[in-house]
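Engineer:
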């Protein structure tokens, strides 16, 4: 018995197996890049302005230490932290992985930090 298929569709061959697409090297690289991007910190426009205007030195080594402090704070359940690194204090939104503001520790002895739930010394 032959069944005509409407619209020129071919019958499905149940014996034919459909495999999963092979893992491509660029998929692994994309996954690694996505993970790295989600772990890295960004500076808000306000923080960039503060760093530039105040001439603060915020280099790669300090950023790496801040990122480590953010990971530690995140593991403890923190959401907004002050991270002290060298002579700088930075306020970080842990969930957004964003430096909100930055300032020198010594020049801000009378400053009050609000809406934070942790302090990390990096």
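Numbering (this note's numbering), first residue to last: 384 to 505.
Every residue, glycine too, gets a C-beta built ideally from N, C-alpha and C.
This structure is a prediction, so every number in the text was calculated from the model and none was measured.
Under the DSSP definition of a beta bridge, which residues are partnered with residue 434?
Structural biologist: Numbered from its first residue, the chain shown carries residue 434 at position 51. Partner(s): none; residue 434 has no beta bridge.
Engineer: In chain order, what residues of the same chain have a beta carbon less than 8 Å from the beta carbon of residue 500, not counting five sequence neighbours either side?
Structural biologist: Reading the chain shown from its first residue, position 117 is the one you call residue 500. So the list reads 461, 462, 463, 464, once near-sequence residues are dropped.
Engineer: Identify the residues that DSSP records as bridge partners of residue 501: which are they?
Structural biologist: Looking up residue 501 in the chain shown gives position 118. In DSSP, residue 501 forms a bridge with 464.
Engineer: Suppose the cutoff is 8 Å on Cβ atoms and the five residues either side in sequence are ignored; what does the same chain contact list for residue 484 look like?
Structural biologist: Counted from its first residue, the chain shown places residue 484 at position 101. Cβ within range, chain order: 427, 429, 430, 433, 473, 474.
Engineer: Using only the alpha-carbon positions, how far apart do residue 456 and residue 467 sit?
Structural biologist: The residue given as residue 456 occupies position 73 in the chain shown. The residue given as residue 467 occupies position 84 in the chain shown. Near 12 Å, if we compare the C-alpha coordinates of residue 467 and residue 456.
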